Amino acid sequence: MNLNWTRKEFEAYVLLYAAHCNHVEDISEQNYIRTKIDEKTFHRIHTEVVVDSDEDNLNKIQHYMSENQFSQEEKDRLLRDVKQVFFADGSVDILEKKVFTILKKMIG
């Protein structure tokens, strides 16, 4: 797997996957993500997230994490941003809770 993402593109992928994981993307979730990434990156990465299967999404995230060095501070910030995506619509459903548990293990 050859992921030539920038750090921002990877973060966009993770956040957009978090928004899409329950197949219901609330506008407030999208608006939060747009505060983190530019519009062009949002649309390009969003298309990739939606086209990929859940398995592909998680494999890409795991692969990128294994191939790149992140400080604990960067990991913590990314996980905080994922939480913000989940809470953006005012509620966190069971699928989002499960995905967060998985992402927490992958990202650390």
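Okay, so the sequence shown: first residue is 542 according to the numbering used here, each after it adds one.
Don't be surprised by glycine CBs; every beta carbon is placed ideally from N, CA and C.
None of these values were measured; they are calculated from a predicted model.
Roughly how many whole angstroms lie between the Cα atoms of residue i and residue j?
i, j, result
"Q610", "Q625", "23 Å"
"H561", "F551", "15 Å"
"D579", "I635", "29 Å"
"E637", "N600", "17 Å"
"H604", "K577", "22 Å"
Quick check on residue i: buried or exposed, where buried means 16 or more other Cβ atoms within 10 Å of its Cβ?
i, result
"N545", "exposed"
"N598", "buried"
Taking the alpha carbon of residue i as the reference point, which residue from the options has its own alpha carbon closest?
i, options, result
"G649", "Y605, I602, D630 and D617", "D617"
"V640", "R575, N563 and T582", "N563"
"R575", "Y605, D622 and E614", "D622"
Could you confirm whether any beta carbon from chain C is found closer than 8 Å to the beta carbon of residue i?
i, result
"I602", "Although the question refers to chain C, the structure presented lacks it and comprises just one protein chain."
Give a yes or no on contact between the segment 585 to 595 and the segment 555 to 564, applying the rule of three or more CB pairs nearer than 8 Å. yes
Extract the residue ranges of the alpha helix (DSSP H) inside the segment 551 to 584, only unbroken runs of 4 or more that lie entirely within it. 568 to 575
Can we say the segment 563 to 570 touches the segment 620 to 639, given the rule of at least three CB pairs closer than 8 Å? yes
Any alpha helix (DSSP H) of 4 or more consecutive residues that is wholly inside the segment 580 to 619: 580 to 592 and 595 to 608
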